[in-house]
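Trainee: In this text, residue positions in the sequence shown follow the working numbering: the first is 269, and each later residue adds one. The structure that follows is given in the form of structure tokens.
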Amino acid sequence: MSETLLSYAIYTTPNPLQASPKTGDAPPAMLQIVVSNPKGHLVNCKSIRFSFLKGTNARDFFADSTGIETSAPTGWKLTQSGSIFTAKPVTAKDGDIGPASLTFIISNIPVNTEPGTTHLSITEETASHLGTLDYALAKFPEQFKVSNFTAEPQVINPGDSTTLSWSGTSGATYTLEYLDKDDNTVTITHVRGDPDQPLPSTGSYTVEDIERDTTFFYLIVTMVVPGQDQPIKAMRVFPVIAKPLPPVIEYFRPRGYTASDCVIYSDEFLLEWKIDNYINFQLTMRDSEGTHVIDIPWSETSKKIFQIENETEYVMTIESKTGKQQQSSVNVTLVPAGVVGTVVAFVGPAEKVPAGWLICNGAEASGKAYPKLAALLGTTYGTPKTTGNVMLPDLRGMFLRGVDPDGVGDPDNHARMSPIPGNRTQVGPVVGSRQIHQLLNHTHHWDKNFELIGSSGADIAVQLALNSAINSNAGTEPTTNNDGGGAETRPVNVYVYYLIYAGTPQD
Numbered sequence: 269m270s271e272t273l274l275s276y277a278i279y280t281t282p283n284p285l286q287a288s289p290k291t292g293d294a295p296p297a298m299l300q301i302v303v304s305n306p307k308g309h310l311v312n313c314k315s316i317r318f319s320f321l322k323g324t325n326a327r328d329f330f331a332d333s334t335g336i337e338t339s340a341p342t343g344w345k346l347t348q349s350g351s352i353f354t355a356k357p358v359t360a361k362d363g364d365i366g367p368a369s370l371t372f373i374i375s376n377i378p379v380n381t382e383p384g385t386t387h388l389s390i391t392e393e394t395a396s397h398l399g400t401l402d403y404a405l406a407k408f409p410e411q412f413k414v415s416n417f418t419a420e421p422q423v424i425n426p427g428d429s430t431t432l433s434w435s436g437t438s439g440a441t442y443t444l445e446y447l448d449k450d451d452n453t454v455t456i457t458h459v460r461g462d463p464d465q466p467l468p469s470t471g472s473y474t475v476e477d478i479e480r481d482t483t484f485f486y487l488i489v490t491m492v493v494p495g496q497d498q499p500i501k502a503m504r505v506f507p508v509i510a511k512p513l514p515p516v517i518e519y520f521r522p523r524g525y526t527a528s529d530c531v532i533y534s535d536e537f538l539l540e541w542k543i544d545n546y547i548n549f550q551l552t553m554r555d556s557e558g559t560h561v562i563d564i565p566w567s568e569t570s571k572k573i574f575q576i577e578n579e580t581e582y583v584m585t586i587e588s589k590t591g592k593q594q595q596s597s598v599n600v601t602l603v604p605a606g607v608v609g610t611v612v613a614f615v616g617p618a619e620k621v622p623a624g625w626l627i628c629n630g631a632e633a634s635g636k637a638y639p640k641l642a643a644l645l646g647t648t649y650g651t652p653k654t655t656g657n658v659m660l661p662d663l664r665g666m667f668l669r670g671v672d673p674d675g676v677g678d679p680d681n682h683a684r685m686s687p688i689p690g691n692r693t694q695v696g697p698v699v700g701s702r703q704i705h706q707l708l709n710h711t712h713h714w715d716k717n718f719e720l721i722g723s724s725g726a727d728i729a730v731q732l733a734l735n736s737a738i739n740s741n742a743g744t745e746p747t748t749n750n751d752g753g754g755a756e757t758r759p760v761n762v763y764v765y766y767l768i769y770a771g772t773p774q775d
């Protein structure tokens, strides 16, 4: 007999195969046998026979062949006779195998309890050829697993590095192999820098200076089984592709903005970016004085900007190893907000409040994000629940009034109450202090033809007769001051949001 004309690849579930436990049930195994034609012309196949070793020894695959299930591709049949499985085409034409591969499945296999290496014999028959192939199948001890062999990144620039990672069961030897740029086999058996420490069952290893277009990395797992001349072996493979990658600017913008033209209501802002696949980068600004380079350390991904002119363009330029460049720009117009603590009226919706401004609603604000505001206000407007934060003034429904320490325009200035809502402690003429509503004391004058009889609360009793005709039976009418009144004394007004400038948000 000679070699087969067709090629065969076998995929197992689980991978690697596991021997069944001595007691109890174990999940059955499955084989997917993929048949392909590398010849470049049709191969007419009359039959393919898959023969397994049956028994209870380490060299055998299974001891019981009953219950094993099979599946064949369209145009083929797969039949079983004990431990031999024969695939035949339904018609002679179905036996023509071209570039399309065939997959045969043998499942529900009860692997025996002995770890070791078993052999699958493949016999291929064509009209003029009989070929055989021996395929070794390793059976690892029960519960043995090898998984998660990967490389990160998988696509790199030529000459860059990647980190291999793997996870497996202890008790075996783990080895890494690959071909370098000169086609030399590189074998890694120990932890980098420590020849006395073998690779662990779960770990990682960084491979540098990868030049090949595609490098296949192999994780080879071997285990010595008592009574076996050769160790059993399992393998994982993962490809890494090395090709010139274009430089990438994922984003370049002022923090909190996404548009390329930004209007920022502040006197400073944080310019941030995320870039990749570069060896050089440059940040420049262009204003009426020309273009200037901004020095940035390589490790940084943001820069606090104190803009001198209101309108300035910023440009990020990066360059890859191959000399390709990528640029991104942003135009920034600053509208200085003034000093921290400035309060203004805002007629837009709450969700449109500009960065650095907060609604005066008595809420708790982050002292980390707004350290200048926290230092300015302290606990004037209450003690926050979180240490380091600050309570905002609550100006909802309030009219603002200038501080009058001398009582020039506020005769009740010394009776003003605490800035904290609900606190009636008198604090005098200090910023943030409050007054409840009241009416100015005043006098009402009545026509001489009426005589005041008495008053009680809001009711005033008057006699409806001339003074000359007053008598005890004259009619009286109580009057109540509710014409156009309500729950408070107020002028005509319009709702706005009072905003306080808290400064540029910090990291």
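Backbone N, C-alpha and C fix where the C-beta goes; we use that ideal spot for every residue, glycine too. Computed from a predicted structure; not experimentally measured.
1. So for leucine 708, helix, strand or coil by DSSP?
2. Alpha carbon to alpha carbon, how far is methionine 259 from proline 604?
3. Is it right to say tyrosine 649 is buried, meaning 16 or more other beta carbons lie within 10 angstroms of its own, or is it exposed?
4. Ordered along the chain, which non-local residues of its own chain (more than five positions away) have a Cβ less than 7 angstroms from that of alanine 340?
5. Which same chain residues, not among the five before or five after alanine 776, have their C-beta less than 8 angstroms away from its C-beta?
6. Using the Cα positions of proline 296 and tryptophan 541, report the straight-line distance between them to the nearest angstrom.
7. Out of Leu660, Asp674, Lys640 and Ala637, point me to the one whose CA is closest to threonine 647's CA.
8. Give the range of the alpha helix (DSSP H) segment to which leucine 641 is assigned.
9. Compute the minimum distance between the beta carbon of glycine 771 and the heavy atoms of the ligand ATP, and state whether it is under 8 angstroms.
10. Cutting at 6 angstroms between CB atoms, please list the residues of its own chain near tyrosine 279, excluding the five before and the five after it.
11. When the Cα atoms are used, what is the spatial distance from alanine 742 to threonine 711?
12. From the DSSP output, read off the bridge partner residues of lysine 571.
13. Let me make sure I understand the geometry here. Which of Thr580, Thr386 and Met503 has the alpha-carbon closest to that of leucine 405?
14. With the cut-off set at 9 angstroms, would you say serine 435 and phenylalanine 417 are in Cβ contact?
15. Restricting to runs no shorter than 3 residues, where is the beta strand (DSSP E) found entirely within the region 544–598?
16. Per DSSP, what are the beta-bridge partners of lysine 501 in this structure?
17. Which residues bound the beta strand (DSSP E) around tyrosine 279?
18. Does the distance from the C-beta atom of valine 583 to that of serine 596 stay below 9 angstroms?
19. Spatial neighbours of valine 454 within its chain, please: C-beta separation below 6 angstroms, excluding the five flanking residues on both sides.
20. With a threshold of 16 other CB atoms inside 10 Å of the CB of glutamine 465, please say whether the residue is buried or exposed.
21. Based on DSSP bridge pairs, tell me the residues matched to glutamate 445.
22. Determine the direct distance from the alpha carbon of threonine 359 to that of threonine 342, and round the result to whole angstroms.
23. Opposite glutamine 694 in the DSSP bridges: which residues?
24. Look at the Cβ atom of arginine 684, then the Cβ atom of glycine 630, and state whether they are nearer than 9 angstroms.
25. In its own chain, which residues sit with a C-beta less than 7 angstroms from the C-beta of glycine 624, not counting the 5 before and 5 after it?
26. Taking DSSP's pairing of strands, which residues face glutamine 286 in a bridge?
27. Using a Cβ-Cβ cutoff of less than 6 angstroms, which residues in the same chain neighbour threonine 470 once the five nearest sequence positions on both sides are dropped?
28. Does serine 369 get closer than 9 angstroms to chain C when you measure Cβ to Cβ?
29. Considering only DSSP beta bridges, list what aspartate 402 is partnered with.
30. Measuring CA to CA, which of His682, Val676 and Leu645 is closest to isoleucine 688?
31. Compute the distance between the beta-carbons of isoleucine 316 and threonine 391, then report whether it is under 9 angstroms.
32. Could you give the first and the last residue of the continuous beta strand (DSSP E) run that contains valine 242?
33. Per DSSP, what kind of secondary structure is lysine 636 in: helix, strand or coil?
34. Is it right to say alanine 277 is buried, meaning 16 or more other beta carbons lie within 10 angstroms of its own, or is it exposed?
35. Can you give me the start and stop residues for the beta strand (DSSP E) that glycine 754 sits inside?
36. Tell me whether threonine 772 sits in a helix, a strand or coil according to DSSP, three-state version.
Mentor: Taking the definition as stated:
1. coil
2. The requested residue 259 is not part of the displayed model; the chain covers only 269 to 775.
3. buried
4. Leu346, Ala355 and Phe372
5. Because the chain is modelled from 269 through 775, residue 776 falls outside the range shown and cannot be assessed.
6. 53 angstroms
7. Leu660
8. 639–645
9. This structure does not include the ligand ATP; it has no bound ligands of any sort.
10. Gln300
11. With a pLDDT of 47 at alanine 742, under the threshold of 50, the predicted position of this residue should be treated as unreliable, and no value is reported.
12. Leu539
13. Thr386
14. It is a contact, given that the beta carbons lie within the stated cut-off.
15. DSSP runs (the beta strand (DSSP E)) wholly in the region 544–598: 548–555, 558–562, 570–573 and 579–587.
16. Thr490
17. 275–281
18. yes
19. Tyr446 and Asp448
20. exposed
21. Thr455 and Tyr486
22. Roughly 11 angstroms between the two C-alpha positions.
23. Met685
24. no
25. Tyr533, Ser534, Ala605, Tyr769, Ala770, Gly771, Thr772 and Pro773
26. In DSSP, glutamine 286 forms a bridge with Phe408.
27. Ser435
28. Absent from the structure: chain C. Only one protein chain is present.
29. Ser389
30. Leu645
31. Pairing isoleucine 316 with threonine 391 gives a Cβ-Cβ distance under 9 angstroms.
32. Given that the chain is displayed from residue 269 to residue 775, the structure contains no residue 242 and the question cannot be resolved.
33. It is coil, neither helix nor strand.
34. exposed
35. Run containing glycine 754: none; DSSP gives neither H nor E here.
36. coil
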